[in-house]
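K.L.:
Residue numbers 27 to 126, in the working numbering, belong to the letters of the sequence shown in order. Submitted below is the structure of interest, expressed as structure tokens.
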Amino acid sequence: GEILSSTSTKKLIAIMEGTATGLDRLKAGLPKDWKIAHKTGTSAKWNGIMAATNDVGLLKGPSGEVIAIAVFVADSKASNEERAAVISKAAALATNRLPN
């Protein structure tokens, strides 16, 4: 990276690769041969509205291509499953639009 040292960049990516949450978000939309380093986030619900559900990360394809992606679902009354599906679909769209 340009901001962090090489050592710090590798450490941050390793931490993000180990993210155990959000299996139904970005990761669910990836082809099986893609890898992900990501961080999820979910706010509290207030008056039936979830302020934010998100997943931000780096998607790495089998040929070494990398996509930086951030998906935020804001001010939603949708269920957890519906919000996760929106995020998953974004990853699927991003990876399916690359040339073969």
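We treat Cβ as the ideally placed atom computed from N, Cα and C, and that holds for glycine. Note that the structure is a prediction, hence the values are computed from the model and not measured.
DSSP has K65 in a bridge; who is on the other side?
P.N.:
V82
K.L.:
Are there 16 or more other CB atoms within 10 angstroms of the CB of K61, so buried, or fewer, so exposed?
P.N.:
exposed
K.L.:
Return the CA-CA distance between I29 and N80, expressed in angstroms with no decimal places.
P.N.:
24 Å
K.L.:
If contacts are defined as beta-carbon pairs under 8 Å, then G83 and I75 qualify, I think. What distance do you get, rounded to the angstrom?
P.N.:
With a Cβ gap of about 25 Å, G83 and I75 do not count as contacting.
K.L.:
What first and last residue would you give for the beta strand (DSSP E) that runs through I93?
P.N.:
92-102
K.L.:
Please tell me whether A100 and A116 are closer than 9 Å, where the distance is taken between their beta carbons.
P.N.:
no
K.L.:
Is it true that the CB of V112 sits closer than 9 Å to the CB of V92?
P.N.:
no
K.L.:
Quick check on A70: does DSSP put it in helix, strand or coil?
P.N.:
In the structure shown, A70 sits in coil (DSSP, three-state: anything other than H, G, I, E or B).
K.L.:
Would you tell me roughly how many angstroms separate the C-alpha atoms of K86 and T68, rounded to the nearest one?
P.N.:
24 Å
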